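Just so you know, the sequences run in chain order B and V.
Residues 6 to 382, numbered by my numbering, are exactly what the first sequence covers, in order.
Residues 6 to 382, numbered by my numbering, are exactly what the second sequence covers, in order.
The beta-carbon is built from N, C-alpha and C at its ideal position, and this holds for glycine as well.
In this text the structure is predicted, and so the values were computed from the model without any measurement.
Protein chains: 2
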Amino acid sequence: MAHIHELGTPAALIDTQRMQRNIERMQKRMHSLGVGFRPHVKTTKCLPVARAQLAAGAQGITVSTLKEAEQFFAAGMDDILYAVGMVAGKLDQALALRQRGCDLKIITDNAAAAQEIGRFGQRHGMVFEVWIEIDTDSHRSGIQPEEEALLEVARTLQDTGMRVGGVIAHAGSSYDHDSHAALLAIAQQERDGAVRAAQRLREAGFACPVVSIGSTPTALTAQQLQGVTEVRAGVYVFFDLVMHNIGVCSTDDIALSVLTTVIGHQQEKGWAIVDAGWMAMSRDRGTQKQKHDFGFGQACTEDGTVLPGYILSGANQEHGILSRIGEPDHGIAQRLPVGTRLRILPNHACATGAQHPQYQAVLPDGSTEAWPRFYGW
Amino acid sequence: MAHIHELGTPAALIDTQRMQRNIERMQKRMHSLGVGFRPHVKTTKCLPVARAQLAAGAQGITVSTLKEAEQFFAAGMDDILYAVGMVAGKLDQALALRQRGCDLKIITDNAAAAQEIGRFGQRHGMVFEVWIEIDTDSHRSGIQPEEEALLEVARTLQDTGMRVGGVIAHAGSSYDHDSHAALLAIAQQERDGAVRAAQRLREAGFACPVVSIGSTPTALTAQQLQGVTEVRAGVYVFFDLVMHNIGVCSTDDIALSVLTTVIGHQQEKGWAIVDAGWMAMSRDRGTQKQKHDFGFGQACTEDGTVLPGYILSGANQEHGILSRIGEPDHGIAQRLPVGTRLRILPNHACATGAQHPQYQAVLPDGSTEAWPRFYGW
Numbered sequence: 006m007a008h009i010h011e012l013g014t015p016a017a018l019i020d021t022q023r024m025q026r027n028i029e030r031m032q033k034r035m036h037s038l039g040v041g042f043r044p045h046v047k048t049t050k051c052l053p054v055a056r057a058q059l060a061a062g063a064q065g066i067t068v069s070t071l072k073e074a075e076q077f078f079a080a081g082m083d084d085i086l087y088a089v090g091m092v093a094g095k096l097d098q099a100l101a102l103r104q105r106g107c108d109l110k111i112i113t114d115n116a117a118a119a120q121e122i123g124r125f126g127q128r129h130g131m132v133f134e135v136w137i138e139i140d141t142d143s144h145r146s147g148i149q150p151e152e153e154a155l156l157e158v159a160r161t162l163q164d165t166g167m168r169v170g171g172v173i174a175h176a177g178s179s180y181d182h183d184s185h186a187a188l189l190a191i192a193q194q195e196r197d198g199a200v201r202a203a204q205r206l207r208e209a210g211f212a213c214p215v216v217s218i219g220s221t222p223t224a225l226t227a228q229q230l231q232g233v234t235e236v237r238a239g240v241y242v243f244f245d246l247v248m249h250n251i252g253v254c255s256t257d258d259i260a261l262s263v264l265t266t267v268i269g270h271q272q273e274k275g276w277a278i279v280d281a282g283w284m285a286m287s288r289d290r291g292t293q294k295q296k297h298d299f300g301f302g303q304a305c306t307e308d309g310t311v312l313p314g315y316i317l318s319g320a321n322q323e324h325g326i327l328s329r330i331g332e333p334d335h336g337i338a339q340r341l342p343v344g345t346r347l348r349i350l351p352n353h354a355c356a357t358g359a360q361h362p363q364y365q366a367v368l369p370d371g372s373t374e375a376w377p378r379f380y381g382w
Numbered sequence: 006m007a008h009i010h011e012l013g014t015p016a017a018l019i020d021t022q023r024m025q026r027n028i029e030r031m032q033k034r035m036h037s038l039g040v041g042f043r044p045h046v047k048t049t050k051c052l053p054v055a056r057a058q059l060a061a062g063a064q065g066i067t068v069s070t071l072k073e074a075e076q077f078f079a080a081g082m083d084d085i086l087y088a089v090g091m092v093a094g095k096l097d098q099a100l101a102l103r104q105r106g107c108d109l110k111i112i113t114d115n116a117a118a119a120q121e122i123g124r125f126g127q128r129h130g131m132v133f134e135v136w137i138e139i140d141t142d143s144h145r146s147g148i149q150p151e152e153e154a155l156l157e158v159a160r161t162l163q164d165t166g167m168r169v170g171g172v173i174a175h176a177g178s179s180y181d182h183d184s185h186a187a188l189l190a191i192a193q194q195e196r197d198g199a200v201r202a203a204q205r206l207r208e209a210g211f212a213c214p215v216v217s218i219g220s221t222p223t224a225l226t227a228q229q230l231q232g233v234t235e236v237r238a239g240v241y242v243f244f245d246l247v248m249h250n251i252g253v254c255s256t257d258d259i260a261l262s263v264l265t266t267v268i269g270h271q272q273e274k275g276w277a278i279v280d281a282g283w284m285a286m287s288r289d290r291g292t293q294k295q296k297h298d299f300g301f302g303q304a305c306t307e308d309g310t311v312l313p314g315y316i317l318s319g320a321n322q323e324h325g326i327l328s329r330i331g332e333p334d335h336g337i338a339q340r341l342p343v344g345t346r347l348r349i350l351p352n353h354a355c356a357t358g359a360q361h362p363q364y365q366a367v368l369p370d371g372s373t374e375a376w377p378r379f380y381g382w
């Protein structure tokens, strides 16, 4: 329980009040839209955060690796969706989870993988619950709602005795927009595509009880989700500068920051050198092509007040270059002397968190609690 | 000792033969230039790799965090340079290392930090050995060789009873070039600036025994290093696509790769979807502004043969998009079916390694050994 002033730097801080506010905002929204909510825990890989999400009303979790599934299942969470296409090489791990009692759902978007899942399931006497991945915005994987492959995959699963549990879509292209109108259109398209795919499956005789969609921008924008049963989102719990630029949060909502110390200056260039480089921030430059480029992050005072115009303009492994946008601040060594402690708001909370073995959860009185996170596969 | 074909994906592979060849190439070069070599272990944070570097003739190690110093010291390495500017908040940790017998050298480039070090040393009866950081190419931190501040920092250290052990320079701007002539000029400038700074210190009465310089590109290019006592370099041990573009290695020298599995396709776009996203590759886009943009990495077969033109063109957290540069490969699902295992060469070995809790060292017979790495601060 060190006080924030006593923490070594760099360190990943969670503003627990902001986090709780973000969790409640999303949960309330899902409630009013009449859908379940299954947070994506890949953002934090952190038990206390997932517990806070479930306590607020989330139903189950989404994971990006089977290691996450194992870790969260070991902590007592058993309704888990593994939202990356299953392949043969990972079926042993999935089987072990199912055999230990984990209600693990897996996904696929192609007949080859569906066949592998089916054969493996038959061989081991396991009926896997499989959700079919739907592509509603051409951004990555999935089957388009009207494609013939949709029914082919469902039939392959059924023929091998597997359970077609639902459809899953993720409108990842929502990250490329920053107007409410565009987000609304993508949210509608995500909902419509998933609901249509489920309809086709049902018309062909598959039960398809679940219609799962989501991304943070669409979840916070959608106006109606008729036919959808659950929504998934991850980064909303912390938010970040990319989400700020997309327009779904303000900088005051960003719950994750990196605590850093000024270690030197290049006064004539207007640079302060800090001990948060890309190892602490990640190499994510997600704001580079957005309307406001924050470099590697937005500088704040140690208590979290934004320093307008001061960003982490460069990053080496353990060195960050902090400077003012536009006119160099030749008084930076006086303004931010060696030893000054600052917080840096990240471009991308998922990527920044991944650089740290633990978060420091900052409580309202400034005391901190170490919240471990895990990584790897 | 799993065989490479049995490893789960994604996984970070080290080709141990290439690694050993890279180590020997650098060590031989340093020997012929008549200088000591102090590898930067921040690239790997991995004990077996550092041991191989020392076994080949390296004298001491360079670290980027005090945690690295602690871990490598615990493993019996005691000649350690911490090559990031020291600040007050980290002196307790440095003191503890010195008191346990670690021959830790620290650095500074400003009088404020020098004074903190001196006062702290006096208070605890510890004579810290401090090297002064020199800026030879305006890329980050350090004092320029002719600046008055150089002598001011040395005097501050001397007046408080600390030891001015040497000067240290790092020509980080070498990463911005790709011609032998340009690298030669930067290497010369790095050497000249460091030697000149040492000369000024000696003329002012400071012993300054060490003149330490280095970066992988300059270390592999410099033609003469008269007056230099040691060279530092990190990424040479694995190399990567950035170094390939700079011109100091070929793709056949790159010892680090990420093993991945094809999990799906978008045939009409010519995409294969793989299970190596940015979590496995890092968000480093270091080749973006270089002469050849490799996206998030160069695809190879599982045995390491380069697939010319096939790169990881996109990356989400656990999804990579693999495609052909130029004309889409509409036969990609036949060429690389679901389940195909590939290796991806990384843009930046330091950043990619940091995403993995361990490397899998691949021996010539295809058997593998887990080599743990650590992270955090």
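query = Using the beta-carbon count (16 or more within 10 Å), is His8(V) buried or exposed?
reply = Residue numbering aside, residue 8(V) sits at position 3 when the second sequence is read from its first letter. So His8(V) counts as exposed.
query = Does the beta-carbon distance from Pro44(B) to Gln58(B) come in below 7 Å?
reply = Walking along the first sequence from the start, residue 44(B) turns up at place 39. Walking along the first sequence from the start, residue 58(B) turns up at place 53. Remark: C-beta atoms of Pro44(B) and Gln58(B) approach each other more closely than 7 Å.
ask   = Around the Cβ of Glu29(B), are there at least 16 other Cβ atoms within 10 angstroms (buried) or fewer (exposed)?
value = Walking along the first sequence from the start, residue 29(B) turns up at place 24. Burial call: exposed.
query = How would you call His185(B), buried or exposed, if buried means at least 16 neighbouring beta carbons within 10 angstroms?
reply = Residue 185(B) sits at position 180 when you count from the first residue of the first sequence. By the neighbour-count rule (16 or more Cβ atoms within 10 Å), His185(B) is not buried but exposed.
key: Anticipated Cβ contact below 8 Å, Gln360(V) with Arg378(V), distance rounded   = Residue numbering aside, residue 360(V) sits at position 355 when the second sequence is read from its first letter. Residue numbering aside, residue 378(V) sits at position 373 when the second sequence is read from its first letter. That pair is no contact at about 10 Å.
key: Whole-angstrom distance between Leu71(B) and Gln98(V), CA atom to CA atom   = Taking the first residue of the second sequence as position 1, residue 98(V) is located at position 93. Taking the first residue of the first sequence as position 1, residue 71(B) is located at position 66. Those two C-alpha atoms are separated by around 37 Å.
inquiry  = Any beta carbon from chain B within less than 7 Å of Lys47(V)'s own beta carbon?
reply    = For the purposes of this step, residue 47(V) is taken as the residue at position 42 of the second sequence. Lys47(V) counts as touching chain B.
task = Write down the C-beta distance between Gly344(V) and Thr265(V) rounded to the nearest angstrom, noting that I regard them as a contact closer than 8 Å.
result = Counting from one through the second sequence, the residue named residue 344(V) turns up at place 339. Counting from one through the second sequence, the residue named residue 265(V) turns up at place 260. Not confirmed; about 11 Å, so no contact.
message = Considering only DSSP beta bridges, list what Pro377(B) is partnered with.
response = Locating residue 377(B) in the first sequence gives position 372, counting from the first residue. Beta-bridge pairing links Pro377(B) to Gln363(B).
message = So with CB distances below 7 Å, who are the chain V contacts of Asn250(B)?
response = Stepping through the first sequence from its first residue, residue 250(B) is reached at position 245. What Asn250(B) touches in chain V, judged by beta-carbon distance under 7 Å, is nothing: the nearest beta carbon there is about 17 Å away.
query = Can Gly381(V) be considered in contact with the ligand PLP, in the sense that its beta carbon sits closer than 6 Å to one or more heavy atoms?
reply = Ligands in the displayed structure: none, and consequently the ligand PLP is not present.
task = Mark Asp140(B) as exposed unless 16 or more other C-beta atoms lie within 10 angstroms of its C-beta, in which case mark it buried.
result = Taking the first sequence and counting its residues from 1, one reaches residue 140(B) at position 135. It is buried - the Cβ of Asp140(B) has at least 16 other Cβ atoms within 10 Å.
message = Looking at the strands, I want to know which residues DSSP matches up with Val169(B).
response = Taking the first residue of the first sequence as 1, we reach residue 169(B) at position 164. As a beta-bridge residue in DSSP terms, Val169(B) pairs with Val135(B).
key: Neighbour list for Glu29(B) in chain V, Cβ cutoff strictly below 9 Å   = Translated into positions along the first sequence, residue 29(B) becomes position 24. Within 9 Å Cβ-Cβ: nothing; Glu29(B) doesn't reach chain V, min ~25 Å.
key: Which of helix, strand or coil DSSP assigns to Ala319(B)   = The sequence position of residue 319(B) within the first sequence is 314, counting from 1. Note on identity: in this sequence residue 319(B) is Gly, with Ala being the wrong assignment. Strand.
ask   = Around the Cβ of Arg128(B), are there at least 16 other Cβ atoms within 10 angstroms (buried) or fewer (exposed)?
value = Residue numbering aside, residue 128(B) sits at position 123 when the first sequence is read from its first letter. The residue is exposed, with fewer than 16 neighbouring Cβ atoms inside 10 Å.
key: 7 Å Cβ cutoff met for Ala354(V) and Val240(V)   = Within the second sequence, residue 354(V) is the residue found at index 349, counting from 1. Within the second sequence, residue 240(V) is the residue found at index 235, counting from 1. Val240(V) sits close to Ala354(V), with the two beta carbons spaced by under 7 Å.
task = Could you please give me the residues that DSSP links to Leu156(V) through a beta bridge?
result = Indexing the second sequence from 1 puts residue 156(V) at position 151. Beta bridge pairing from DSSP links Leu156(V) with no other residue.
ask   = According to the Cβ coordinates, are Ser220(B) and Gly275(B) closer than 7 Å?
value = The residue given as residue 220(B) occupies position 215 in the first sequence. The residue given as residue 275(B) occupies position 270 in the first sequence. If you check the CB distance, Ser220(B) and Gly275(B) do not come in under 7 Å.
ask   = Within the 7 Å Cβ cut-off, does Gly126(V) reach chain B?
value = What you label residue 126(V) is simply residue 121 of the second sequence in a count that begins at 1. So no, Gly126(V) is outside the interface.
task = In the DSSP assignment, find the unbroken beta strand (DSSP E) run with His249(B) in it and report its ends.
result = For the purposes of this step, residue 249(B) is taken as the residue at position 244 of the first sequence. Where His249(B) is concerned, there is no enclosing beta strand (DSSP E), although the alpha helix (DSSP H) around it starts and stops at Leu246 to Ile251.
message = Taking CB distances under 7 Å as the criterion, tell me whether Val240(V) reaches chain B.
response = Taking the first residue of the second sequence as 1, we reach residue 240(V) at position 235. Taking a beta-carbon distance threshold of 7 Å, Val240(V) does not count as an interface residue toward chain B.
Contact set between Gln322(B) and chain A, taken where Cβ atoms lie within less than 7 Å = No chain A appears in this structure, whose protein chains are B and V.
task = Could you tell me whether the stretch 154 to 161 of chain B touches the stretch 115 to 135 of chain B, using the rule of 3 or more Cβ pairs below 8 Å?
result = Verdict: yes, contact present.
query = Taking the C-alpha atoms as reference points, what is the distance between Arg340(B) and Glu151(V)?
reply = Walking along the first sequence from the start, residue 340(B) turns up at place 335. Walking along the second sequence from the start, residue 151(V) turns up at place 146. Each residue's Cα considered, the two are about 26 Å apart.
request  = Tell me whether Val54(B) sits in a helix, a strand or coil according to DSSP, three-state version.
outcome  = Position 49 of the first sequence holds residue 54(B). DSSP places Val54(B) within a helical segment (H, G or I) once states are collapsed to three.
query = Do we get a CB-CB distance below 7 Å when we pair Arg145(B) with the residues of chain V?
reply = Counting from one through the first sequence, the residue named residue 145(B) turns up at place 140. Output row for Arg145(B): interface = yes.
inquiry  = Distance check for Ile268(V) and Leu86(B), CA to CA, integer angstroms please.
reply    = The residue you call residue 86(B) lines up with position 81 of the first sequence. The residue you call residue 268(V) lines up with position 263 of the second sequence. A direct Cα-to-Cα measurement between Leu86(B) and Ile268(V) gives close to 17 Å.
request  = Provide the residue(s) that pair with Cys355(B) in DSSP beta bridges, ordered along the chain.
outcome  = Here residue 355(B) is taken as the residue at index 350 of the first sequence, counted from 1. The secondary-structure analysis by DSSP pairs Cys355(B) with nothing; it has no beta-bridge partner.
message = Does the stretch 255 to 262 of chain V come into contact with the stretch 279 to 299 of chain V, if we say contact requires no fewer than three beta-carbon pairs (one atom in each stretch) closer than 8 Å?
response = No, because fewer than three Cβ pairs between the stretch 255 to 262 of chain V and the stretch 279 to 299 of chain V fall closer than 8 Å, the two stretches do not touch.
request  = Give me the Cβ distance between Val46(V) and Phe78(V), rounded to the nearest whole Å; I'm assuming they're in contact under 8 Å.
outcome  = Sequence index remark: in the second sequence, residue 46(V) carries index 41 (1-based). Sequence index remark: in the second sequence, residue 78(V) carries index 73 (1-based). Your pair Val46(V) and Phe78(V) does not check out as a contact, with CB atoms roughly 12 Å apart and the cut at 8 Å.
request  = Quickly, what does DSSP pair Asp84(B) with across the bridge? List them, please.
outcome  = As a working mapping, residue 84(B) is identified with position 79 in the first sequence. In the DSSP output, where bridge partners are listed per residue, Asp84(B) has Asp108(B).
query = So the alpha helix (DSSP H) Asp20(V) belongs to, where does it begin and stop?
reply = Taking the second sequence and counting its residues from 1, the one referred to as residue 20(V) is at position 15. Premise fails: Asp20(V) lies in the beta strand (DSSP E), Ala16 to Asp20, not in any alpha helix (DSSP H).
task = Could you tell me which chain B residues have their CB closer than 9 Å to the CB of Val132(V), listed as they occur along the chain?
result = In the second sequence, residue 132(V) corresponds to position 127, counting from 1. Chain-ordered listing is empty here: chain B has no CB closer than 9 Å to the CB of Val132(V), the nearest sitting near 22 Å.
ask   = For Trp376(B) versus Ala320(B), is the C-beta spacing smaller than 7 Å?
value = Taking the first residue of the first sequence as position 1, residue 376(B) is located at position 371. Taking the first residue of the first sequence as position 1, residue 320(B) is located at position 315. Against a cut-off of 7 Å, the Cβ pair of Ala320(B) and Trp376(B) comes out as no contact.
query = Which chain B residues sit within Cβ distance under 7 Å of Met284(V)?
reply = Taking the second sequence and counting its residues from 1, the one referred to as residue 284(V) is at position 279. Residues of chain B with a Cβ closer than 7 Å to the Cβ of Met284(V) are, in chain order, Ala359.
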